[in-house]
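*Asks:* Each protein sequence line maps, in turn, to chains H and V.
Under the working numbering, the first residue of the first sequence is numbered 9, with each subsequent residue one higher.
Under the working numbering, the first residue of the second sequence is numbered 52, with each subsequent residue one higher.
Dropping a structure here in structure tokens format, bear with me for questions.
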Amino acid sequence: GDSVTQMEGPVTLSEEAFLTINCTYTATGYPSLFWYVQYPGEGLQLLLKATKADDKGSNKGFEATYRKETTSFHLEKGSVQVSDSAVYFCALSDQGYSTLTFGKGTMLLVSP
Amino acid sequence: DSGVTQTPKHLITATGQRVTLRCSPRSGDLSVYWYQQSLDQGLQFLIQYYNGEERAKGNILERFSAQQFPDLHSELNLSSLELGDSALYFCASSGMGESGNTIYFGEGSWLTVV
């Protein structure tokens with residue numbers, strides 16, 4: 009079945025550092041890929057998405073590129089802020105279905 | 052604001068009781084999903100409805116049931132509650148069509164079973 013594997017956290021960074029959160033997936037067909045973010049005490053928010061190979065999703069300075077050859081969708085940001093502290097979830101939606109399969113989440117802690 | 056509304060936001064109840072969680076999807080969305088988020092299991096898909104009919108079933112216990120009404124709102128019923136049912140329950144919705152549609156989540160209903 010479909011699965012998503014994320015790097016374990018917490019990831020601890022200083023403000024303005026470069027961020028990478030790794031995400032790889034296993035799926036039949038050609039899934040759509042997503043990053044969701046959960047800020048402390050809040051619900052899930054869509055951060056960015058990509059629906060086909062080589063697409064780059066971007067939002068709020070975050071980027072991720074759909075790499076079919078490596079089945080990856082790594083999240084990056086050039087300069088993190090304290091306000092980026094949250095849990096980040098990688099997810100996929102397989103073609104023909106619309107339910108999401110989530111990774112376990114990666115907590116990001118950014119210190120001033 | 053995703054446009055998905057869930058009530059109640061917080062709920063505390065005793066073991067053995069029954070609760071109902073309510074969800075209003077984004078305007079025009081026909082699909083509604085329920086997810087459970089717990090510390091040990093992470094985010095688990097429970098069930099999906101599309102325009103009133105069950106479309107997909109995930110890791111939903113037999114003690115749990117859901118339905119989607121003609122006005123497209125949905126309810127998740129949890130019965131014979133156990134301590135382990137304490138979790139954050141998310142409702143989500145998406146638009147017409149199948150693959151590639153974005154799923155938007157509500158803020159969740161926090162359930163504590165004591």
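Every residue, glycine too, gets a C-beta built ideally from N, C-alpha and C.
Note that the structure is a prediction, hence the values are computed from the model and not measured.
Under the three-state reduction of DSSP, which class applies to Gly67(V): helix, strand or coil?
*Replies:* Position 16 of the second sequence, counted from the first residue, corresponds to residue 67(V). DSSP places Gly67(V) in coil when its eight states are reduced to three.
*Asks:* Taking Cβ positions only, does Ile63(V) come closer than 9 angstroms to chain H?
*Replies:* Here residue 63(V) is taken as the residue at index 12 of the second sequence, counted from 1. Judged by the 9 angstroms Cβ criterion, Ile63(V) is not in contact with chain H.
*Asks:* Between which two residues does the beta strand (DSSP E) carrying Glu126(V) extend?
*Replies:* Along the second sequence, read from residue 1 onward, the residue named residue 126(V) stands at position 75. Counting along the chain, the beta strand (DSSP E) containing Glu126(V) begins and ends at Ser125 to Leu129.
*Asks:* Against chain H, with Cβ distances strictly below 9 angstroms, would Thr153(V) count as a contact?
*Replies:* The residue labelled residue 153(V) in the question sits at position 102 within the second sequence. Interface residue, yes.
*Asks:* Identify which residue in Cys98(H), Phe70(H), Lys76(H) and Glu77(H) has its Cα closest to the Cα of Ala25(H).
*Replies:* In the first sequence, residue 25(H) corresponds to position 17, counting from 1. The shortest Cα separation from Ala25(H) among Cys98(H), Phe70(H), Lys76(H) and Glu77(H) belongs to Phe70(H).
*Asks:* Given Ser150(V), which residues of its chain have a CB within under 7 angstroms of its CB, disregarding the five upstream and five downstream residues?
*Replies:* Locating residue 150(V) in the second sequence gives position 99, counting from the first residue. Because Ser150(V) carries a pLDDT of 37, less than 50, the predicted location of this residue cannot be relied on, and the following value inherits that uncertainty. Cβ within range, chain order: n/a, list empty.
*Asks:* How would you write the range of the beta strand (DSSP E) that Val164(V) sits in, first residue to last?
*Replies:* By 1-based counting over the second sequence, the position of residue 164(V) is 113. Residues Ser160 to Val164.
*Asks:* Taking only the alpha-carbon atoms, compute the straight-line gap between Gly3(H) and Gly67(V) and give it to the nearest angstrom.
*Replies:* With chain H running from 9 to 120 in the structure shown, residue 3(H) is simply not present.
*Asks:* Taking Cβ-Cβ distances below 9 angstroms as the criterion, which residues of the region 76-91 of chain H are in contact with chain V?
*Replies:* The region 76-91 of chain H vs chain V, Cβ under 9 angstroms: nothing.
*Asks:* Go ahead and label Gly148(V) buried or exposed: buried means 16 or more other beta carbons lie within 10 angstroms of its beta carbon, across all protein chains shown.
*Replies:* To locate residue 148(V), count along the second sequence from 1; it is residue 97. Residue confidence for Gly148(V) is low, a pLDDT of 49 falling below 50, so the modelled location carries little weight; the figure read from the coordinates is stated next. With fewer than 16 Cβ atoms within 10 Å of its Cβ, Gly148(V) is classed as exposed.
*Asks:* When Cβ atoms are compared, which residues of the region 48-74 of chain H fall closer than 8 angstroms to chain V?
*Replies:* Against chain V - using a Cβ distance shorter than 8 angstroms - the residues of the region 48-74 of chain H are Glu50, Gly51, Leu52, Gln53, Leu54, Lys57 and Thr59.
*Asks:* Residues of the region 79-107 of chain V with a CB closer than 7 angstroms to any CB of chain H: list them in chain order, please.
*Replies:* For the region 79-107 of chain V, which is checked against every Cβ of chain H, the residues closer than 7 angstroms are Ser82, Tyr84, Gly93, Leu94, Phe96, Gln99 and Ala107.
*Asks:* Please classify Gly9(H): does DSSP put it in a helix, a strand, or coil?
*Replies:* One-based indexing of the first sequence puts residue 9(H) at position 1. Coil.
*Asks:* Let's test the definition: count the other Cβ atoms within 10 Å of the Cβ of Ile63(V) and tell me whether it reaches 16, buried, or not, exposed.
*Replies:* Indexing the second sequence from 1 puts residue 63(V) at position 12. Flag for Ile63(V) reads exposed.
*Asks:* Express the C-alpha separation of Arg114(V) and Val88(H) in angstroms, rounding to a whole number.
*Replies:* In the first sequence, residue 88(H) corresponds to position 80, counting from 1. In the second sequence, residue 114(V) corresponds to position 63, counting from 1. Roughly 43 angstroms between the two C-alpha positions.
*Asks:* At 3 residues or longer, and completely inside the region 21-81 of chain H: list those beta strand (DSSP E) runs for me, N to C.
*Replies:* Runs of the beta strand (DSSP E) inside the region 21-81 of chain H: 27-29, 31-34, 40-46, 52-58, 64-67 and 70-73.
*Asks:* Of all Cβ atoms in chain H, is any one closer than 9 angstroms to the Cβ of Ser53(V)?
*Replies:* Position 2 of the second sequence, counting from 1, holds the residue named residue 53(V). Output row for Ser53(V): interface = yes.
*Asks:* Counting beta carbon pairs with one atom in the region 48-63 of chain H and one in the region 73-90 of chain H, are three or more of them shorter than 8 angstroms?
*Replies:* Judged by Cβ distances under 8 angstroms, the region 73-90 of chain H makes contact with the region 48-63 of chain H, as three or more pairs qualify.
*Asks:* Terminal residues of the continuous beta strand (DSSP E) containing Lys108(V)?
*Replies:* Reading the second sequence from its first residue, position 57 is the one you call residue 108(V). First-last of the beta strand (DSSP E) with Lys108(V): Glu104 to Lys108.
*Asks:* If we count the other Cβ atoms within 10 Å of its Cβ and call it buried at 16 or more, is Ala58(H) buried or exposed?
*Replies:* On the first sequence, residue 58(H) is found 50 positions in, with the first residue counted as 1. That one is buried.
*Asks:* What first and last residue would you give for the beta strand (DSSP E) that runs through Ile98(V)?
*Replies:* The sequence position of residue 98(V) within the second sequence is 47, counting from 1. Where Ile98(V) is concerned, the enclosing beta strand (DSSP E) stretches over Gly93 to Tyr101.
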